[in-house]
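Residue numbers (full-length UniProt numbering): 1 to 260.
All C-beta atoms, glycine included, are put in the ideal place defined by N, C-alpha and C.
These numbers come from a predicted model, not from an experiment.
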Amino acid sequence: MTVLGVLRRVLQAVTVPALLVGAWWAATAGSTDFFWPPLSRIVGAFDDTWFHGRLTADVLPSLARLLAGYLLALLLGVALGVAIGSVRVLRAFLEPVLEFFRAIPSPVLVPILMLFAGIGNGMKILVIVSGCVWPILLNTVEGVRALDEVLRDTARCYRMRPQSRLVHLVLRGASPRIAAGARQALSIGIILMVISEMFAASNGVGFTIIQFQRAFSIPQMWTGILLLGLVGIALSGIFQLAEARLLNWYTGLRRSQREG
Numbered sequence: 001m002t003v004l005g006v007l008r009r010v011l012q013a014v015t016v017p018a019l020l021v022g023a024w025w026a027a028t029a030g031s032t033d034f035f036w037p038p039l040s041r042i043v044g045a046f047d048d049t050w051f052h053g054r055l056t057a058d059v060l061p062s063l064a065r066l067l068a069g070y071l072l073a074l075l076l077g078v079a080l081g082v083a084i085g086s087v088r089v090l091r092a093f094l095e096p097v098l099e100f101f102r103a104i105p106s107p108v109l110v111p112i113l114m115l116f117a118g119i120g121n122g123m124k125i126l127v128i129v130s131g132c133v134w135p136i137l138l139n140t141v142e143g144v145r146a147l148d149e150v151l152r153d154t155a156r157c158y159r160m161r162p163q164s165r166l167v168h169l170v171l172r173g174a175s176p177r178i179a180a181g182a183r184q185a186l187s188i189g190i191i192l193m194v195i196s197e198m199f200a201a202s203n204g205v206g207f208t209i210i211q212f213q214r215a216f217s218i219p220q221m222w223t224g225i226l227l228l229g230l231v232g233i234a235l236s237g238i239f240q241l242a243e244a245r246l247l248n249w250y251t252g253l254r255r256s257q258r259e260g
């Protein structure tokens, strides 16, 4: 990609956020509303609020719980998705049950999980898993079902070992759909991370935002919301880099098909 192309992509990425921030800044510049403070005041309170103790006491524990729940959901969703997608009888039996549990909103499970797992980190991780596992699981099932039958027959003809068939045929062939489900699960995980910390927690970003709201520290509350947005942007960027690396073969194949 040329330098001009890189500059064009950077400009496209920052134009809309810059316009939104500028509009917010201008709309609240002279605000005297207690609940809608000027953006300049919120930005001024950001450093003192989060970078003097709360980064290690609240932000890092939240990210650790998010990472643990997300990775557990990824492993569980891919493992179950491959099994269900590969066995037609198993899929026929489990599909109605999966649709039932997928329809249950994950925040509703928080009180139930608190009864069985307490109010510690285990409960918060389980809440994240309960929401993140479904897009990964269902996309993995569809990815495995959509594998080319010719490739399956070829693998059988060449007598590929089950481990090689799983890694090089099933997982690689379903990886674009798995990545799509993992991308959806990441945004769900951030939401559930915050929600789980609003129930009987002693630290975390969600807990701190609620504490600011209850103490009527409105600028500090807004800084927490901005922090969550920045965390989401950072995690999305990391995911896109990993996805581009792992699915380089797929993007190259699609590009050659479009050009051909």
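{"Asked": "Whole-number beta carbon distance between V170 and V144, since they are thought to touch under 8 Å", "Found": "6 Å"}
{"Asked": "Nearest residue (CA-CA) to L74, options R255, I190, W36 and G181", "Found": "G181"}
{"Asked": "Minimum length 4: unbroken alpha helix (DSSP H) runs contained in the stretch 217 to 260", "Found": "218 to 246 and 248 to 259"}
{"Asked": "CA nearest to the CA of S202, picked from V150, V59 and A29", "Found": "V59"}
{"Asked": "Start and end residues, alpha helix (DSSP H) containing I128", "Found": "N121 to R145"}
{"Asked": "Where H168 sits in the DSSP three-state scheme", "Found": "helix"}
{"Asked": "Sub-9 Å separation of F35 and I218 beta-carbons", "Found": "yes"}
{"Asked": "Beta-carbon separation (whole angstroms), F212 vs G224, contact threshold 8 Å", "Found": "6 Å"}
{"Asked": "R161, DSSP secondary structure in three states", "Found": "coil"}
{"Asked": "Segment limits, alpha helix (DSSP H) that includes G206", "Found": "V205 to R214"}
{"Asked": "Closest by C-alpha distance to R245, when choosing among P176, I112 and S130", "Found": "P176"}
{"Asked": "Buried versus exposed, by CB contacts within 10 Å (16 or more), N248", "Found": "exposed"}
{"Asked": "Rounded separation between residue 280 and V89 - CA only", "Found": "Shown here, the chain extends from 1 to 260; a query on residue 280 therefore has no answer."}
{"Asked": "Three-pair Cβ contact test at 8 Å for the stretch 114 to 132 versus the stretch 182 to 197", "Found": "yes"}
{"Asked": "Test item: CB-CB of P61 and N121 under 9 Å", "Found": "yes"}
{"Asked": "L80 versus V167 - alpha carbon distance", "Found": "15 Å"}
{"Asked": "Backbone secondary structure at W25 - three-state DSSP", "Found": "helix"}
{"Asked": "Identity of the residue in A26, V10, I136 and L63 nearest V82 by Cα", "Found": "I136"}
{"Asked": "Distance CB(residue 261)-CB(L94) smaller than 9 Å", "Found": "Examination of residue 261 is not possible in this model, given that the chain is present from 1 through 260 alone."}
{"Asked": "Inter-residue Cα distance where the pair is A174 and R8", "Found": "32 Å"}
{"Asked": "Identity of the residue in Q257, L226, F239 and A242 nearest P17 by Cα", "Found": "L226"}
{"Asked": "Among I190, A242, R156 and V21, nearest to I42 - alpha-carbon criterion", "Found": "V21"}
{"Asked": "Unbroken alpha helix (DSSP H) run spanning A200, endpoints", "Found": "Here A200 belongs to no alpha helix (DSSP H), and DSSP marks it neither H nor E."}
{"Asked": "Backbone CA spacing between Y70 and A27 [nearest angstrom]", "Found": "37 Å"}
{"Asked": "Helix, strand or coil at V87 [DSSP, three-state]", "Found": "coil"}
{"Asked": "Neighbourhood of A45 by C-beta distance below 7 Å, restricted to the same chain and skipping five residues each side", "Found": "P219, Q220 and T223"}
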